[in-house]
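Going by UniProt numbering, the first residue of the sequence shown is number 1, and it counts up by one from there. For glycine and all other residues, C-beta sits at the position ideal for the given N, C-alpha and C. None of these values were measured; they are calculated from a predicted model.
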Amino acid sequence: MESLSTIIVEHAERVGLIKLNRPEAYNALSRTLIKELLQALKLFESDPSIGVIVLTGGDKKGFCAGADIKEQSELSFVNAYNQDYLKDLNDGFFAIHKPIIGVVNGIALGGGCELAMMCDILYASETAKFGQPEITLGTIPGAGGTQRLIRAIGKSKAMHMILTGETISAKQAEAAGLVAKVLPAEQVLVVAMETATKIASFSAPVLAMAKEAVNEAEELGLKNGLHFESRLYHATFGLEDHAEGFQAFLAKPKRAAQWA
Ligand code: HXC
Numbered sequence: 001m002e003s004l005s006t007i008i009v010e011h012a013e014r015v016g017l018i019k020l021n022r023p024e025a026y027n028a029l030s031r032t033l034i035k036e037l038l039q040a041l042k043l044f045e046s047d048p049s050i051g052v053i054v055l056t057g058g059d060k061k062g063f064c065a066g067a068d069i070k071e072q073s074e075l076s077f078v079n080a081y082n083q084d085y086l087k088d089l090n091d092g093f094f095a096i097h098k099p100i101i102g103v104v105n106g107i108a109l110g111g112g113c114e115l116a117m118m119c120d121i122l123y124a125s126e127t128a129k130f131g132q133p134e135i136t137l138g139t140i141p142g143a144g145g146t147q148r149l150i151r152a153i154g155k156s157k158a159m160h161m162i163l164t165g166e167t168i169s170a171k172q173a174e175a176a177g178l179v180a181k182v183l184p185a186e187q188v189l190v191v192a193m194e195t196a197t198k199i200a201s202f203s204a205p206v207l208a209m210a211k212e213a214v215n216e217a218e219e220l221g222l223k224n225g226l227h228f229e230s231r232l233y234h235a236t237f238g239l240e241d242h243a244e245g246f247q248a249f250l251a252k253p254k255r256a257a258q259w260a
């Protein structure tokens with residue numbers, strides 16, 4: 001990968017870590033940051049030594065303050081209409097089969113909240129705040145906020161956030177179902193990395209199938225979703241990892257499975 005100016009990329013045991021790194025602008029989503037983030041996701045997706053990706057803000061300025069307001073302020077309607085990078089961002093996340101854990105370690109506002117919601121599991125620090133303040137700028141969420149927030153926390157709470165621009169705390173986000181776990185700021189990344197390592201220790205193709213099946217629940221009605229799930233469930237019976245998992249459980253004494 002070319003030299004990076006807006007993110008930091010690290011490798012841990014089967015886990016790829018991406019830290020947003022534009023502290024001077026609260027990690028706002030400049031074109032360059034989005035380009036580098038998508039490159040890093042693609043690289044981890046194609047790296048067989050990586051099972052799970054973790055996305056977080058750097059140590060200084062929380063998770064992300066959304067679209068880069070300075071960049072966006074220079075756009076005309078036509079330029080904004082023709083810009084592809086928001087679609088690229090959503091499409092880039094859709095193309096990742098590996099689980100992505102988002103670690104929100106401070107503010108996640110506007111596009112930052114939307115970026116968090118593109119992740120599969122969210123952990124938050126006790127200091128985290130989530131919001132869609134676009135209304136205060138005379139605009140609306142543009143990278144999934146109006147679509148994903150309602151699925152995550154329901155219509156009334158989503159409308160409230162989007163129409164008032166008010167933030168919710170990490171605890172409120174957890175209670176509403178947006179966030180899986182809230183932890184002290186100094187622990188949240190450590191615990192998320194432990195969870196990532198645990199998830200990455202399971203069978204890679206089975207993880208991809210589980211992620212796909214869960215995500216399809218948002219696209220399909222219940223009947224079609226159940227059908228899709230059962231087809232993927234049956235497909236796991238064709239995997240070496242399935243035979244290994246079942247044999248390891250049934251062995252006397254029971255042993256740990258060795259995934260392919
Ligand atoms: C560009 C930003 C920025 C942003 C902060 N900065 N947010 N630059 N884009 N989104 C810059 C400031 O201009 C300032 O630069 C520096 O970061 C520090 O910010 P301050 O405001 O001085 O800091 P503070 O008082 O601590 O407040 C932090 C903050 C606030 C709460 C994060 O900056 C804020 O409300 N930011 C905007 C959040 C927002 O409205 N996001 C939605 C954007 S629209 P200088 O050069 O002065 O030091 C959006 C649409 C989604 O996301 C579309 C899809 C992506």
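Test item: CB-CB of residue i and residue j under 8 Å
{"i": "Gln172", "j": "Leu149", "result": "no"}
{"i": "Gly57", "j": "Leu20", "result": "yes"}
{"i": "Ala196", "j": "Val54", "result": "yes"}
{"i": "Ile168", "j": "Met159", "result": "no"}
{"i": "Ala217", "j": "Tyr123", "result": "no"}
{"i": "Cys64", "j": "Gly138", "result": "no"}
{"i": "Arg31", "j": "Glu71", "result": "yes"}
{"i": "Ala208", "j": "Lys98", "result": "yes"}
{"i": "Ile34", "j": "Leu75", "result": "no"}
{"i": "Met1", "j": "Leu43", "result": "yes"}
{"i": "Gly62", "j": "Ile107", "result": "yes"}
Buried or exposed (CB count within 10 angstroms, at least 16 for buried), residue i
{"i": "Leu109", "result": "buried"}
{"i": "Val179", "result": "buried"}
{"i": "Pro141", "result": "buried"}
{"i": "Ile69", "result": "exposed"}
{"i": "Ala152", "result": "buried"}
{"i": "Asn27", "result": "buried"}
{"i": "Ala243", "result": "exposed"}
{"i": "Val190", "result": "exposed"}
Span of the alpha helix (DSSP H) around residue i
{"i": "His227", "result": "222-236"}
{"i": "His242", "result": "240-250"}
{"i": "Leu89", "result": "85-94"}
{"i": "Val191", "result": "185-200"}
{"i": "residue 345", "result": "No answer is possible for residue 345: it lies beyond the span of the chain, which begins at 1 and ends at 260."}
{"i": "Ile34", "result": "31-45"}
{"i": "Glu216", "result": "204-216"}
Residue i versus residue j - alpha carbon distance
{"i": "Ala257", "j": "Gln83", "result": "47 Å"}
{"i": "Glu186", "j": "His227", "result": "43 Å"}
{"i": "Gly66", "j": "Ala204", "result": "32 Å"}
{"i": "Ile135", "j": "Glu114", "result": "15 Å"}
{"i": "Cys119", "j": "Leu41", "result": "12 Å"}
{"i": "Ala116", "j": "Leu250", "result": "39 Å"}
{"i": "Ser156", "j": "Asn105", "result": "26 Å"}
{"i": "Ser49", "j": "Phe77", "result": "43 Å"}
{"i": "Glu24", "j": "Leu4", "result": "16 Å"}
{"i": "Gly145", "j": "Tyr85", "result": "16 Å"}
Whole-angstrom C-beta distance between residue j and residue i, which should lie under 8 Å
{"i": "Gly102", "j": "Ala200", "result": "16 Å between Cβ atoms; not a contact."}
{"i": "Glu229", "j": "Ala170", "result": "Wrong, their Cβ atoms sit about 31 Å apart, outside the cutoff."}
{"i": "Thr6", "j": "Glu45", "result": "That belief does not hold up - the Cβ atoms of Thr6 and Glu45 are roughly 19 Å apart, past 8 Å."}
{"i": "Val182", "j": "Glu174", "result": "5 Å"}
{"i": "Leu239", "j": "Val206", "result": "7 Å"}
Terminal residues of the beta strand (DSSP E) in which residue i lies
{"i": "Thr146", "result": "Careful: Thr146 lies outside any beta strand (DSSP E), inside the alpha helix (DSSP H) at 145-153."}
{"i": "Lys129", "result": "129-131"}
{"i": "Tyr123", "result": "121-125"}
{"i": "Val104", "result": "100-104"}
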